[in-house]
Amino acid sequence: EFHLGPIRAEDGRESESVAPLFDEIIAHRLGLIPLPTDAKLFVPRATCPACGGEGCPNCTVIYSLNKRGPAMVYSSDLEPIGDAKFKPVDANIPIVKLGEGQALLIYATAQLGFGREHAKWQVAHAIGYKYKPTVKVDNKKMDPDKFPVDVCPVNILHHKDGKVTVEPEEKCTLCMACVETAKEMNTEGAFEVRGDPTRILFHFETDGSMSAKDALLEALANLETKFSTLADQASALE
Ligand code: SF4
Ligand SMILES: [Zn+2]
409 EFHLGPIRAE DGRESESVAP LFDEIIAHRL GLIPLPTDAK LFVPRATCPA CGGEGCPNCT
469 VIYSLNKRGP AMVYSSDLEP IGDAKFKPVD ANIPIVKLGE GQALLIYATA QLGFGREHAK
529 WQVAHAIGYK YKPTVKVDNK KMDPDKFPVD VCPVNILHHK DGKVTVEPEE KCTLCMACVE
589 TAKEMNTEGA FEVRGDPTRI LFHFETDGSM SAKDALLEAL ANLETKFSTL ADQASALE
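Quick note: the sequence shown uses my numbering, first residue 409, plus one each step.
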């Protein structure tokens, strides 16, 4: 909710409720700021048993933003009304630059939601997975000192005690450059690289609103509920 009209500050100076960006753009940027989320503490607003969707402390956190130009508005200017533990996890996200005489007074509400409804609720990012790599080096099949370990694009091959060693193995991208190089050097078989299709390495990070562990546990708990619902429905079949 954006305050309209003049904003009078404590020192009596008046600023106009304007900013160089449309309210919609500022609202969108504010909406994308990651906020600390404890899924055990809150319930989704639409199904909140306490308020029926009206908004209450069980489903909603209210924030205010009060800034006068000339100044840069940062995520830290979005202040929770009440418990300070709900302040944005990253204080330094720039939102908008206010000029002289410009000001913003905004009240905003935060609620639980799902990434499939809007990207602002997407907790996990940079998700990727790969087969767990195994890199076997047979140092007897080549002259280890002559092998150019820098062919490995992720720098996990090293010269150590007259041998070629691999560390850390799980960083291998299965690019096969070491295998090809060994072949070109007529020392085929010195490297054997495989991805294990029965073991998947799963990587992701979060936007900070939850820890990676909490996000994973929350997702697994969700899957558990969905599968048990499906199992109940299946067992009800004739
Ligand atoms: S397959 Fe590629 S990433 Fe893996 S060890 Fe060989 S050169 Fe490095
Ligand atoms: Zn509620």
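Heads up, the beta-carbon is just placed ideally off N, CA and C, and yes, glycines get one too.
query                                                                                                   : result
Per-residue burial, LYS475 [other beta carbons within 10 Å of its own, 16 or more giving buried]        : buried
Through-space distance from SER636 to ILE503, alpha-carbon basis                                        : 43 Å
Backbone CA spacing between VAL469 and SER619 [nearest angstrom]                                        : 20 Å
Assigned secondary structure, ASN630 (DSSP; H/G/I helix, E/B strand, else coil)                         : helix
Extent of the continuous beta strand (DSSP E) run through LYS493                                        : Per DSSP, LYS493 belongs to no beta strand (DSSP E) and is neither H nor E.
Among MET593, GLU578 and GLY603, nearest to HIS611 - alpha-carbon criterion                             : GLU578
Same chain, Cβ closer than 6 Å to ARG602, five either side skipped, listed in chain order               : THR542
Enclosing alpha helix (DSSP H) for ALA589 [first to last residue]                                       : Checking the displayed sequence, the identity of residue 589 turns out to be Thr instead of Ala. That run of the alpha helix (DSSP H) goes 585–592.
Closer than 5 Å to ligand 2: residues, by C-beta to nearest heavy atom, in chain order                  : CYS456, ALA458, CYS459, CYS464, ASN466 and CYS467
Rounded C-alpha distance that separates PRO414 from PRO452                                              : 35 Å
Cβ-based neighbour list, GLU575, same chain, cut-off 8 Å, excluding 5 preceding and 5 following         : ILE564 and HIS566
Opposing strand residues paired with LEU506 [DSSP bridges]                                              : ALA479
Continuous beta strand (DSSP E) assignments of at least 3 residues falling wholly in the region 410–493 : 414–416, 422–424, 468–476 and 479–482
Cross-strand partners of LYS571 (DSSP beta bridge)                                                      : LYS568
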